[in-house]
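Q:
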Amino acid sequence: MTTIVWDGTTLATDSLISVNGSTYNHAQKLFKLNSGEWVAFAGEQQGWWEVMEWLNAGAPRNAKPHVTRIEMIIAGPDGVFEMFDRLVRMPVSGPVAYGTGWKWALAAIDHGRSAVEAVKYAATRDHDTGGDVQSVTVLTKAGMAFDAMMREADTATVE
């Protein structure tokens, strides 16, 4: 499968494609959408392309593709979202990880590692995670990294 991670600032993924535990290939798993958002995929690779077409078309409710065994993290100026087979955006607050190496990645995040370091660590423990790490730091509309914006919101005084 793969490992995808959001750490509050950076979206990262491995590049290994595996089938039934055997290394199959390496592929791009991190893509920029027409909206300016970034999406990282885990799961059935064939479904990625259908979902990307649907997202790039504005995600019309009446035209959702039928996909199974797919997980994704979408990050952009309007926030960070997780999405699964039903293709419903669910807001994310805090670090998240999906794919077969998710437990190892979250353990690394819990110990202060970045998303890139978390994917690299997951690759040492999960045989379906590996290859080059792909990553992007996602900025908000204000040009502030997401985690900095959240820290600022947490410390703001309400009058």
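As numbered in full-length UniProt numbering, residues 1 to 159 make up the sequence shown, in order.
C-beta atoms are modelled at their ideal positions from N, C-alpha and C, and glycine is treated no differently.
Bear in mind the structure is a predicted one, so any value in this text is a computation, not a measurement.
May I ask which residues mark the beginning and end of the alpha helix (DSSP H) holding aspartate 1?
A: Correcting the residue type first, residue 1 is methionine in the shown sequence and not aspartate. Run containing methionine 1: none; DSSP gives neither H nor E here.
Q: Can asparagine 56 and asparagine 34 be called in contact, C-beta distance under 7 Å?
A: Contact: yes.
Q: Sort Phe81, Ala75, His26 and Thr124 by Cα distance to glycine 131 and report the nearest one.
A: It is His26 whose Cα lies nearest to the Cα of glycine 131.
Q: Are the CB atoms of residue 162 and valine 96 nearer to each other than 7 Å?
A: Given a span of 1 to 159 for the chain in the structure shown, any question on residue 162 remains unanswerable.
Q: Distance, Cα to Cα, glycine 143 vs methionine 90?
A: Bear in mind that a pLDDT of 47 at glycine 143, under 50, signals an unreliable position, so the model cannot answer this.
Q: According to the neighbour-count rule (16 or more other Cβ atoms, all chains shown, within 10 Å of its Cβ), is tryptophan 49 buried or exposed?
A: Its Cβ having fewer than 16 others within 10 Å, tryptophan 49 is exposed.
Q: Going along the chain, which residues of its own chain have a beta-carbon closer than 6 Å to the beta-carbon of methionine 1, five neighbours each way excluded?
A: Counting only Cβ-Cβ distances below 6 Å, and skipping sequence neighbours, we find Ala42, Gly99, Thr100 and Asp128.
Q: Is it buried or exposed for lysine 103, if we count other Cβ within 10 angstroms and need 16 for buried?
A: When all chains shown are included, lysine 103 counts as exposed.
Q: Might you give, ordered along the chain, the residues of its own chain that have their beta carbon closer than 8 Å to the beta carbon of glutamate 159, omitting 5 neighbours on each side?
A: Its pLDDT being 48, under 50, glutamate 159 is placed unreliably by the model, and the measurement read from it follows with that caveat. Hits under 8 Å: none found.
Q: Measuring alpha carbon to alpha carbon, tell me which residue in Val136, Pro77, Leu30 and Glu71 is nearest methionine 83.
A: Taking only the C-alpha atoms, the option nearest methionine 83 is Glu71.
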